[in-house]
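Those sequence lines, one after another, are chains S and H.
If you count the first sequence from 1, position 59 lands on 59 in my numbering, and the numbers rise without skipping.
Take the position in the second sequence, starting the count at 1, then add 114; the result is the number in my numbering.
See below for the structure under consideration.
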Amino acid sequence: NAGVMQNPRHLVRRRGQEARLRCSPMKGHSHVYWYRQLPEEGLKFMVYLQKENIIDESGMPKERFSAEFPKEGPSILRIQQVVRGDSAAYFCASSLQGVQETQYFGPGTRLLVL
Amino acid sequence: AQTVTQSQPEMSVQEAETVTLSCTYDTSENNYYLFWYKQPPSRQMILVIRQEAYKQQNATENRFSVNFQKAAKSFSLKISDSQLGDTAMYFCAFTPYGSGNTGKLIFGQGTTLQVKP
Numbered sequence: 001n002a003g004v005m006q007n008p009r010h011l012v013r014r015r016g017q018e019a020r021l022r023c024s025p026m027k028g029h030s031h032v033y034w035y036r037q038l039p040e041e042g043l044k045f046m047v048y049l050q051k052e053n054i055i056d057e058s059g060m061p062k063e064r065f066s067a068e069f070p071k072e073g074p075s076i077l078r079i080q081q082v083v084r085g086d087s088a089a090y091f092c093a094s095s096l097q098g099v100q101e102t103q104y105f106g107p108g109t110r111l112l113v114l
Numbered sequence: 115a116q117t118v119t120q121s122q123p124e125m126s127v128q129e130a131e132t133v134t135l136s137c138t139y140d141t142s143e144n145n146y147y148l149f150w151y152k153q154p155p156s157r158q159m160i161l162v163i164r165q166e167a168y169k170q171q172n173a174t175e176n177r178f179s180v181n182f183q184k185a186a187k188s189f190s191l192k193i194s195d196s197q198l199g200d201t202a203m204y205f206c207a208f209t210p211y212g213s214g215n216t217g218k219l220i221f222g223q224g225t226t227l228q229v230k231p
C-alpha cells in the first residue's frame, strides 16, 4: 500500500532553467495539494487539483508556476525560469475526497537553484 | 485572515517526561479541522493527530493528546512519556470546511522539539 510518491527527491537547477516536480498520489486518491516550505518556515499552500482540473490556485505565484493533474499519470508542478528564491522544499499531499479528508504527504522535493 | 500561531520556536524535554506544545488560530469559520503534523530530520510530514471542531472530546493517539479550547481558539499538543524519536519539528494546522472552502491546510511556523536522553 504505497504512500504518496514524489520525484525527484532532490533537484538542482541553474537560474533560468525549468524545474518539473512530480507527485503520484496514494492509490485511490484523486485530490492533490501542493505546498511550499521555505527554509525555517512552515508550509504554504500553493494549489489544489483534482483529476484534469485546477480547483484552487490562490497560493500559486502568478508567473512562472503552473500545475497539472492529467487523467493518467502523476501531478506535475512546473517552475519556469527558476530564480534563487524558488529554492525550497515542495510537498504534495493527497486525499480521498478533498475537503474534510485527511491529507497524506509525500517526502517532498528539495529544489536548489544555483 | 485565517492564521495559525505557534509561539514557541524551540522546546526541549527530558526523555520519559511530558511536554506541551501550544497553538492558537484565528478564523471566523465555525466548522473546521485541526491537525498536528510532525516533521523529523528526514523532513517527511507525518500526521500525529486530528481534531474535528464540532467534537468537544479531545482527540488522543497513544502518547499524544490535545487540549482543544474552541472558544479560546487554542489547540495544544501534549506528548507523554517523550521518546528520542519524538525529536522533530511540529506543525499545527487547520482547514475550514463548508461552502467556498477547498480543504487547503493553513500551517503555523512550527515548534522544534528536542528530546534529551
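Note that the Cβ used here is the ideal one computed from N, Cα and C, for glycine as well.
Just so it is clear, the structure is predicted and the values come from calculations on it, not from any experiment.
Is there a Cβ of chain B sitting closer than 8 Å to that of residue i, yes or no?
i: H:PHE205; result: In the structure shown, chain B cannot be found, because the protein chains are S and H.
Could you check the C-alpha separation between residue i and residue j for me, to the nearest Å?
i: H:ALA202; j: H:ILE193; result: 12 Å
i: S:TYR48; j: S:ARG9; result: 21 Å
i: H:SER213; j: H:ALA207; result: 20 Å
i: H:ASN181; j: S:GLU63; result: 42 Å
i: H:LEU191; j: H:VAL118; result: 14 Å
i: H:SER188; j: H:LEU148; result: 10 Å
i: H:ILE220; j: H:PRO210; result: 9 Å
i: S:PHE65; j: S:ARG110; result: 16 Å
i: H:ALA186; j: S:GLN17; result: 47 Å
i: H:THR216; j: S:TYR104; result: 16 Å
i: S:SER94; j: S:SER30; result: 7 Å
i: S:MET26; j: H:ASN145; result: 26 Å
i: S:ALA2; j: H:GLN158; result: 15 Å
i: S:TYR33; j: H:GLN223; result: 19 Å
i: H:SER156; j: H:TRP150; result: 17 Å
i: S:PRO61; j: H:ALA167; result: 31 Å
i: S:ILE76; j: S:PRO39; result: 22 Å
i: H:GLN116; j: S:GLN81; result: 32 Å
i: H:GLN170; j: H:PRO123; result: 28 Å
i: S:ALA67; j: H:LYS218; result: 16 Å
Report all residues from its chain with a CB closer than 7 Å to the CB of residue i; omit the five preceding and five following residues, and keep chain order.
i: H:LEU198; result: GLU129, VAL229 and PRO231
i: S:GLN37; result: LEU43, ALA88, ALA89 and PHE91
i: H:LYS152; result: ILE160, VAL162, ALA202 and TYR204
i: S:GLU41; result: none
i: S:PRO171; result: Residue 171 of chain S is absent from the model: chain S starts at 1 and stops at 114.
i: S:PRO70; result: GLU52
i: S:GLN97; result: HIS31
What are the start and end residues of the beta strand (DSSP E) that includes residue i?
i: H:SER126; result: 124 to 128
i: H:TYR211; result: No beta strand (DSSP E) contains H:TYR211, which DSSP labels as neither H nor E.
i: H:ASP140; result: 138 to 140
i: S:VAL12; result: 10 to 13
i: S:HIS31; result: 31 to 37
i: H:LEU219; result: Careful: H:LEU219 lies outside any beta strand (DSSP E) and carries neither H nor E.
i: H:THR284; result: The structure shown does not extend to residue 284 of chain H, since chain H is modelled only from 115 through 231, so no value can be given for it.
Considering only residues of the same chain and omitting the five flanking positions on each side of residue i, which have a CB-CB separation below 8 Å?
i: H:ASN172; result: GLN165, SER179, VAL180, ASN181 and PHE182
i: S:LEU112; result: HIS10, LEU11, VAL12, ARG13 and SER87
i: H:ASN125; result: First, the amino acid is wrong: residue 125 of chain H is Met here, not Asn. So the list reads VAL133, LEU135, THR225, THR226, LEU227 and GLN228, once near-sequence residues are dropped.
i: S:GLU101; result: HIS31 and SER95
Here's a check: name, in chain order, each residue in its chain whose Cβ is nearer than 6 Å to the Cβ of residue i, leaving out the five neighbours to either side.
i: H:ASP195; result: ALA130 and ARG177
i: S:PHE45; result: TYR35 and GLY59
i: S:ARG84; result: VAL113
i: S:SER24; result: MET5 and PRO74
i: S:GLN21; result: According to the sequence displayed, residue 21 of chain S carries Leu and not Gln. Closer than 6 Å at Cβ, skipping near neighbours: LEU77, TYR90 and THR109.
i: H:ASP140; result: THR117
Would you check if there are 3 or more beta carbon pairs closer than 8 Å linking the segment 124 to 131 of chain H to the segment 51 to 58 of chain S? no
At what residue ranges does the segment 151 to 190 of chain H contain a whole run of the beta strand (DSSP E), taking only runs of 3 or more? 160 to 166 and 178 to 183
Just to confirm the assignment: which complete alpha helix (DSSP H) runs, minimum length 4, are found wholly within the segment 80 to 108 of chain S? none
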